[in-house]
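Numbering of the sequence shown is given in the UniProt record's numbering, commencing with residue 1 and proceeding in unit increments.
C-beta atoms are modelled at their ideal positions from N, C-alpha and C, and glycine is treated no differently.
No experiment lies behind these values; they were computed from the predicted model shown.
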Amino acid sequence: MTEAAALPGQPRGGVISGPATARAHCVLAPNPSAMTLDGTNTWIVAEPDSDLAVVIDPGPLDEGHLRAVIDTAERAGKRIALTLLTHGHPDHSDGAARFAELTRSAVRALDPALRLGDEGLDAGEVITSGGLELRVVPTPGHTADSLSFHLPADGAVLTGDTILGRGTTMVAHPDGRLGDYLDSLRRLRSLTVDDGVSTVLPGHGPVLNDAQGAVEFYLAHRAHRLAQVETAVEAGHRTPAEVVASVYADVDRSLWPAAELSVRAQLEYLGEHGLI
């Protein structure tokens, strides 16, 4: 879910549906909106020569979309062996139970309430399926249960809503916390510096081929927004709604409710650090 549809300096691109890397293929869900951009990116990930695939974020409960994901995998000669969730927002997870029925695959997630099967997901865990390797990267902040998945063979990371292909994401206060989110961005930056990650495969929007640049943009954007919120408070804007009207005046009003969640997280962060 986005905070803003697009911002200056942020990479832009069109709808993605199809191959993105050697191992990752996107099937775009038909749920476009101001909050979901072009729709939810459902990712099919597999080794090229394997008959097993992993699906990340089956998306909304849309029968046509779920069957399209299965059909796409089957046309490539693959059976879906496992379903993973980056987090529990409905546009990523509502279709998971039905998808599990259709594919007879377990659903693994950080939040126990979203799991179908005995296994969850742990930070640093390595998931293997048909020769594929995915590493679980904890990236809380957008939500408390947000995860990313590092695909080392393709130098890629699947980020859910932590980094989007266009615009920026919201910090979904009170579940999401800004301090956690900043730490998660720094963790992702370390992947780009130390682990050769060059590609972001986001939960919404197009693929980003400059992962380090995307992370740096997000960190700079958050620092800029935080300074704006601090200035707004100093100018006498006390409530979250007042701060949004001041700081997000140039953003489509349909996105203000999401912006207010981020502002609440920013105000909490500033208060915790004694800055307001």
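Terminal residues of the continuous alpha helix (DSSP H) containing residue i?
i, result
"Gly-271", "256 to 272"
"Arg-98", "96 to 103"
"Gly-160", "Premise fails: Gly-160 lies in the beta strand (DSSP E), 156 to 160, not in any alpha helix (DSSP H)."
"Leu-66", "63 to 75"
"Val-247", "240 to 247"
"Pro-48", "Taken as a continuous stretch (DSSP letters only), Pro-48 belongs to no alpha helix (DSSP H), as it is neither H nor E."
Grab me the residues of residue i's own chain with a C-beta within less than 6 angstroms of its C-beta, minus the 5 sequence neighbours each way, in chain order.
i, result
"Gly-274", "none"
"Ser-17", "Cys-26, Leu-28"
"Glu-268", "none"
"Asp-145", "His-87, Gly-88, Leu-110, Asp-111"
"Val-45", "Arg-23, Ala-24, Val-54"
"Ile-127", "Leu-134"
Kindly indicate the opening and closing residues of the beta strand (DSSP E) around residue i.
i, result
"Ala-144", "Careful: Ala-144 lies outside any beta strand (DSSP E) and carries neither H nor E."
"Ile-16", "Element bounds for Ile-16: n/a, residue is neither H nor E."
"Pro-112", "Pro-112 -> no beta strand (DSSP E), and no H or E assigned at all."
What residue from the options has the CA that sits closest to residue i's CA?
i, options, result
"Ala-20", "Pro-32, Thr-42, Tyr-248", "Thr-42"
"Ala-241", "Gly-59, Arg-115, Trp-256, Val-171", "Trp-256"
"Ile-276", "Arg-253, Ser-254, Ala-235", "Ala-235"
"Thr-86", "Leu-121, Val-126, Leu-116, Gly-64", "Leu-121"
"Ala-73", "Gly-117, Arg-177, Glu-47, Leu-61", "Glu-47"
"Leu-102", "Arg-253, His-65, Asp-145, Asp-161", "His-65"
"Ala-258", "Leu-201, Asp-49, Met-170, Glu-133", "Met-170"
"Leu-84", "Arg-166, Leu-37, Leu-185, Gly-203", "Gly-203"
Please go through the same chain and pick out, in chain order, the residues whose beta-carbon is closer than 8 angstroms to the beta-carbon of residue i, but skip the five residues on each side of it.
i, result
"Ala-81", "Leu-52, Ala-53, Val-54, Ser-105, Ser-129, Gly-130"
"Thr-192", "Ser-198, Ala-211, Gln-212, Val-215"
"Leu-37", "Thr-2, Ala-5, Leu-164, Gly-165, Arg-166, Gly-167, His-204, Gly-205"
"Ala-68", "Val-27"
query: Which residue spans inside the region 164 to 221 form an unbroken beta strand (DSSP E) run of at least 3?
result: As summarised for the region 164 to 221, the continuous beta strand (DSSP E) elements at least 3 residues long and confined to that stretch are 199 to 202, given in chain order.
query: If you pair each beta-carbon of the region 187 to 201 with each one of the region 147 to 161, do three or more pairs fall below 8 angstroms?
result: Three or more Cβ pairs closer than 8 angstroms define a contact, and the region 187 to 201 meets that threshold against the region 147 to 161.
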